[in-house]
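A.B. asks: First the structure, then my questions, so here it is.
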Amino acid sequence: PIYSRRVFPSFHSEGNPFGAANSMEWLSMKQGIRFHHETIGVNSGEKMSPNQELPVMDPNESEFVLTSSSLAGFVRLCGVYLKMMEHLPHIAWDVFRLLNNLFEFNLYAVFTNFLAADDIAQLFRGKGGGLIKKDATRWNGLRTGICRIADEVNAGEVLLQSSALIYPAANSDKGRMDQQNSPMSRKVTLRKITRVPAAMEDADEGNLYALAERSIACEAIVGQSRLLNAIEDLARSYLPDRYLCLMDEVFERNRTMARELRSFMYSTIAVRLVDVPALMESVAAVSWDIPYISDQHNEYIVHLVQKCGEAWGGLQILADGSIPMDAREDIWAEMVQIIMDTLLQAFSTVSKPTAQGRALMLLDLHALQNGLDLINHVSSRTVPRGREYVGNYIKAFYYDEDELLEWVQANKTLYSKVQFANLLKNGIGSTLEIKKLREIVLKIDAMIS
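Per this note's numbering, residue -12 is the first one in the sequence shown, and the count goes up by one each step.
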């Protein structure tokens, strides 16, 4: 391996790169070690414009968050490592790996310190707060990366010992997509490598300080990932071609982990802001077997909208300099998504409601959407499983046998098996004979399997 990196062969023509002569040459430079592109104008006699245009941030990108730890412990070292890669090309790949290890260390520290052990356990089990089948693979890149990093961490207080479900990477070949349903289980031990103040342990609407700290922590990791993206072309120029494919894999892995850390962090914050168990209990406490059509939504909708308004007010306060504006919008979108998923789960488990009760569910859903839009409107792109998604499920309870089978065929990837089972159990299935019910169950099972 040493010979393949051309360390020894270079001694004959270039001398020992770690020798005193080379070191003295670097130390004697008036302005220290300079990048090649910084001196190209001087060496070639070309005149460089003092008014060179600086790069401008894409308006579609989120605000760049730079913390003191990122500045002192990562940004500064990026320049140092890049200079080492340029002036020591024979170990450039090893230097780049060390820089990437520093990024992964920071990401792991944020993950283990700013996420609760219960949330991490749910993530490792492929749940992560999600209520539909798709969420099992939603944060697979983060789960895989954290397990890989944890294997190399041997010091620190044990935070969690659990089994983790690792799903194979998605493949464009349709014949291999079934692998998504066959995750590999492995053991993982997470250790805390740094400590955080006790004031940040609970992030809810009553502890805005903790919420802001968690948001800033993951936004700082996203910022470090964006910095790595910015230096990608320069780092590539210092590496032999044989390492470029490995570099592509490293950068894609980093982008995925940073993006999914942000998504998962905001999802866990949103769950606490919504209070999912209380919402489930509120829906279960309503009588859905009413014999009349109601023209007034239930009282729990009023309390839910009021609670969301208070949470949004807290986010507004934080958005005034404490957290990026995009973070506020993303947390709100996660809140709305969790509310809709929770309502779907609650409505699907209601035992034998009347048709008028189902109509009341649609009325509640309509009133909720109007209330949320008055607070802050979100598009269907940011909340893919919104009012229409829940409403379509409720309407399916009115279908006859043929219409239901047609609807299941068209929506078989959008809802979970449990939700389809509840649809049949509490819908048309309650009116059918056992033999006929068994036939429909087999047909639906064949569709969604």
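Heads up, the beta-carbon is just placed ideally off N, CA and C, and yes, glycines get one too.
#1: Determine, using beta carbons only, whether W80 comes closer than 8 Å to chain D.
#2: From the DSSP secondary-structure annotation, give me the bridge partner or partners of A151.
#3: Helix, strand or coil for H364, going by three-state DSSP, please let me know.
#4: Would you kindly check if the distance between the Cβ of I280 and the Cβ of F334 is under 8 Å?
#5: When you compare only the Cα positions, how much space is there between L89 and Q324?
#6: If we require 4 or more residues per run, which alpha helix (DSSP H) segments fall completely within the stretch 291 to 378?
#7: According to the neighbour-count rule (16 or more other Cβ atoms, all chains shown, within 10 Å of its Cβ), is T255 buried or exposed?
#8: Where does E144 sit, in a helix, a strand or coil, going by DSSP?
#9: Give the straight-line distance between the Cα atoms of N357 and V365, rounded to the nearest whole angstrom.
#10: Let's test the definition: count the other Cβ atoms within 10 Å of the Cβ of H284 and tell me whether it reaches 16, buried, or not, exposed.
#11: To the nearest angstrom, how far is the alpha carbon of V97 from that of V82?
#12: Count Cβ pairs between the stretch 208 to 216 and the stretch 314 to 328 that sit closer than 8 Å; are there 3 or more?
#13: Under three-state DSSP, which class holds K179?
#14: So the candidates are K412, R345, I208; which of them puts its Cα closest to the Cα of W275?
#15: Report the three-state DSSP secondary structure of H74 (helix, strand or coil).
#16: Which stretch, first to last residue, makes up the alpha helix (DSSP H) that contains N87?
#17: Does DSSP put N409 in a helix, in a strand, or in coil?
#18: Roughly how many angstroms separate the alpha carbons of R242 and Y230, rounded to a whole number?
#19: Using 8 Å as the threshold, is the C-beta distance between S169 and F111 below it?
#20: Whole angstroms is fine: what's the gap from I78's alpha carbon to T131's?
#21: Alpha helix (DSSP H) containing Y385: first to last residue?
#22: Is it the case that the Cβ atoms of I362 and G301 are separated by a distance below 8 Å?
#23: Here's a check: name, in chain order, each residue in its chain whose Cβ is nearer than 8 Å to the Cβ of S367, leaving out the five neighbours to either side.
#24: Considering Cα atoms alone, identify which of N141, L85, Y385, F251 is closest to K339.
#25: With a CB to CB cut of under 7 Å and the five nearest residues on each side skipped, what residues in its chain are close to V145?
#26: What three-state label does DSSP hand R125 in the structure shown?
#27: Beta carbon of M252, beta carbon of L102: below 8 Å?
#28: Could you work out which residue in D105, E388, Q293 is closest to L424 when comparing CA atoms only?
#29: Shortest alpha-carbon distance to T369 belongs to which of G66, D313, V67, E236?
#30: Only counting the same chain, and skipping five residues up and downstream in sequence, which positions put a Cβ closer than 8 Å to that of Q396?
#31: Under DSSP, the alpha helix (DSSP H) around L248 begins and ends at which residues?
#32: Report yes if the C-beta distance between S309 and A207 is below 8 Å; otherwise report no.
#33: Going along the chain, which residues of its own chain have a beta-carbon closer than 7 Å to the beta-carbon of L221, five neighbours each way excluded?
#34: Near R182, what residues of its chain come up, given a Cβ to Cβ distance below 6 Å and the 5 sequence neighbours on each side ignored?
#35: On the three-state DSSP scale, how would you describe W394?
#36: Can you tell me whether V289 is helix, strand or coil according to DSSP?
C.D. replies: The relevant details are as follows:
#1: This model lacks chain D altogether, as it is built from one protein chain only.
#2: R173
#3: coil
#4: no
#5: 34 Å
#6: 312 to 335, 342 to 362
#7: buried
#8: strand
#9: 11 Å
#10: buried
#11: 23 Å
#12: no
#13: strand
#14: R345
#15: helix
#16: 79 to 101
#17: helix
#18: 19 Å
#19: no
#20: 28 Å
#21: Here Y385 belongs to no alpha helix (DSSP H), and DSSP marks it neither H nor E.
#22: no
#23: G373, E375
#24: Y385
#25: T176, R178
#26: coil
#27: yes
#28: E388
#29: D313
#30: M434
#31: 231 to 261
#32: no
#33: L69
#34: none
#35: helix
#36: helix
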